[in-house]
Amino acid sequence: MTLPTQRAVLWRDEQFLLLAAARTISVLGNGFARVALGFAVLALPGATPGKLSLVLACQALPQLAFILLGGVVADRMSRARLMVGADVIGAGAYAGLAALVLSGDAPLTALCVLAVIAGTATALFAPAMDGLVPLVVPPERLQEANGLLRVGTNSSLLLGLALSGVTVAWVGAGWALALNAASFVVSAVLTARLRISGRPAKGTSGWADLKEGWREFASRQWLWAVVAQYAVVVAALNANVGVLGPLAAEEELGGARAWSVIVAAQALGTIAGAGLAARVRVGRPVLVAVLATFPAAVPLALLAGPAPVWMIAVAMFCAGVAGDVFGVLWATTIQREIPEETLSRVSSYEWFGSLAFAPLGLLAAGPAADAIGTGPALACCAVLVVAATGAALMSPAVRTLRAPANPDYQV
């Protein structure tokens, strides 16, 4: 069996197509929301950057606070049904935000409450999605499926980000938020058509389920070692994307236009990386995934220089490629190695650990830039990425875990 034939068969699978379409449309809407929410809040009477930060924090914190709960629930019921419920909740939250913005009378408390609801929906959705893919495609197709899903979602996110500014300018941020709400509705309808059976009732408590998920997580050195690595890596990258990168662009590279070129290059790299990762076959996927993290330090170091914009953009493109190679290999390994009945709980611990320091990276970036300068702060972030990745490579399990042999799945 050849790879082209395999890919053709996967694209003819109705269940996979439904899942891919649902995710692509939902992420397209999220691309609109990333831009629209900020402009919507800042356009309101009396708006300040501090109020925007508060609304965004109200959206982000529930994603971290409730992600473990999402994993427990996803392992106790139909994951597809939970995803439909999360989409409906998200649609309601963004429809409410759109209505408030369009009315021109949006109390800060109401915005924060709806942002919390939107963040909670994401916390319920993410572990269920991670656990659903192995129920839709067979084990030997997981890497291909993960890669193809990322090609679709990365492309739609890039399109959403590109169109969001135009949409906000033409019809206003409120209608852009309404489009995101509509995308959640479409995603819910498509996901509801998946033929995924429910799960048998469990006699254990949710607390016992949470402890069982922790045992599965903690018993695998390769898993917690890479999650610890990414707790540091994500914090460093968040500091760059959220604060230090725009500061460097403003101070040394000519402003927002240069930064948009750099960010767009990374987004294009993620699309290319997902396509590559759908095809590449490696014997030790976790080792390759960890090694693929090193390129993320290069654009940080070049921004610290600063290097020319074109050079930073090339480095960001390469980092985007490598980052999605990591993402596909990592997701596939977890889906293959973790028992299906605990997969969403383990995924929730992985999400929680990887995002644990992300807010700290954002909070520390500004003071660090003031204290030592933007360039040195970026250099410190690059060092953190390299150091954390080197530490993960010290784990024997990271270096030695092998993918299952499959003669029809080798190239």
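So for the sequence shown, the numbering used here puts the first residue at 2; every next one is plus one. For glycine and all other residues, C-beta sits at the position ideal for the given N, C-alpha and C. This structure is a prediction, so every number in the text was calculated from the model and none was measured.
| Query | Result |
| --- | --- |
| Cα-Cα separation, Glu213 to Ala127 | 19 Å |
| Run of the alpha helix (DSSP H) containing Ser355, from where it starts to where it stops | Leu344 to Leu356 |
| Assigned secondary structure, Pro296 (DSSP; H/G/I helix, E/B strand, else coil) | helix |
| Arg337, DSSP secondary structure in three states | helix |
| Counted within 10 angstroms of its Cβ, other Cβ atoms place Gln336 as buried (16 or more) or exposed | buried |
| Simplified DSSP assignment, three categories, for Gly1 | Outside the displayed range of the chain (2 to 412) lies residue 1, so it cannot be described from this structure. |
| Buried/exposed call for Ser261, threshold 16 Cβ in 10 Å | exposed |
| Cα-Cα separation between Leu413 and Leu125, rounded to whole angstroms | Beyond the ends of the chain as shown, which are 2 and 412, falls residue 413; an answer cannot be given. |
| Under 8 Å between C-beta atoms of Ala290 and Phe327 | yes |
| C-alpha gap between Ala111 and Phe33, whole angstroms | 21 Å |
| Beta-carbon proximity of Ala414 to Ala293, cut-off 8 Å | The structure shown does not extend to residue 414, since the chain spans only 2 to 412, so no value can be given for it. |
| Run of the alpha helix (DSSP H) containing Ala404, from where it starts to where it stops | No alpha helix (DSSP H) contains Ala404, which DSSP labels as neither H nor E. |
| Reference Arg282; option with closest CA among Pro300, Thr333 and Pro309 | Thr333 |
| DSSP three-state assignment for Leu164, whether helix, strand or coil | helix |
| Residues near Leu361 in its chain [Cβ-Cβ closer than 7 Å; skip 5 each side] | Ala236 |
| Of the listed residues Trp215, Ala305, Leu57 and Val28, nearest to Gly153 (C-alpha basis) | Val28 |
| Straight-line Cα distance separating Ser79 from Val186 | 19 Å |
| Contacts around Gln60, its chain only, beta-carbon distance under 6 Å, and the 5 residues preceding and following it disregarded | Ala116, Ala119 and Gly120 |
| N-terminal and C-terminal residue of the alpha helix (DSSP H) that Arg82 is part of | Arg80 to Ser104 |
| Minimum C-alpha distance to Val137 - residue among Leu159, Ile26, Ile197 and Ser188 | Ile197 |
| As assigned by DSSP and simplified to three states, the class of Asp14 | coil |
| Unbroken alpha helix (DSSP H) run spanning Met130, endpoints | Leu109 to Val137 |
| Euclidean distance between Cα positions of Ala87 and Ala99 | 18 Å |
| Distance between beta carbons of Leu38 and Pro178, contact taken as under 8 Å | For clarity, residue 178 is Leu in the given sequence; the question names Pro instead. 7 Å between Cβ atoms; contact. |
| Where Phe327 sits in the DSSP three-state scheme | helix |
| Beta-carbon proximity check, Ser349 vs Ala232, cutoff 8 Å | no |
| Status (buried if at least 16 other CB within 10 Å, exposed otherwise) for Ala372 | exposed |
| Collapsed DSSP secondary structure at Arg142 in the structure displayed | helix |
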